[in-house]
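Numbered per my numbering, the sequence shown finishes at 323, counting up by one with no gaps. Don't be surprised by glycine CBs; every beta carbon is placed ideally from N, CA and C. Here the structure is laid out as structure tokens; the discussion comes afterwards.
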Amino acid sequence: MGSEKSRFLKRDDGTVYDSVTSVTWMANDSFLDLERDVSYSEAEDYVKETNKKKVGGYGDWRIPNIHEASSIFDKEKLNKDSKGGDIFLDSVFPPGAANCTWTSSTRGKEAQIMFYANGCPYWYEKDDKTISHAVRLVRRDN
Numbered sequence: 182m183g184s185e186k187s188r189f190l191k192r193d194d195g196t197v198y199d200s201v202t203s204v205t206w207m208a209n210d211s212f213l214d215l216e217r218d219v220s221y222s223e224a225e226d227y228v229k230e231t232n233k234k235k236v237g238g239y240g241d242w243r244i245p246n247i248h249e250a251s252s253i254f255d256k257e258k259l260n261k262d263s264k265g266g267d268i269f270l271d272s273v274f275p276p277g278a279a280n281c282t283w284t285s286s287t288r289g290k291e292a293q294i295m296f297y298a299n300g301c302p303y304w305y306e307k308d309d310k311t312i313s314h315a316v317r318l319v320r321r322d323n
């Protein structure tokens, strides 16, 4: 019996390629990089700084849409968030990340997050920092 082949390819440049959705994720989220929660505008600033640094050799990182963010939630995979709680992300992503990510889905003063503890999307005010908000950036090869 062979082992199941992972859909994720972890690269040495701090990125993770998803063969199912054909996008590349940053292995770390903003919480792992900044060691603090971020508001939506701080997540946008994080995108700008990441693109300036050309993480993984790329300058086109962005906040994921809700479909991309939900695509990496997996009830069969278990990881730990920054507070030691269970989140359902593949272990290809380092433990200690936030339990959610901001998404690019917005409405007025709110933006949608993807919560990795239960797989549900929620709307939060863009300046809310109550549940360890962070962002995990994504990009698509052109």
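C-alpha distance - M182 paired with P276, whole-angstrom precision: Residue placement at M182 cannot be trusted, given a pLDDT of 47 that sits under 50; what the coordinates show is reported in the next sentence. Between M182 and P276, the C-alpha separation is close to 29 Å.
Cβ shell of G240 (< 6 Å), same chain only, five flanking positions each side left out: N232
For K261, the residue or residues it bridges with in DSSP: D267
Where Y221 sits in the DSSP three-state scheme: helix
Cβ distance (whole Å) where I244 is taken to contact V316 below 8 Å: 6 Å
Pairwise C-alpha distance: V236 and R321: 14 Å
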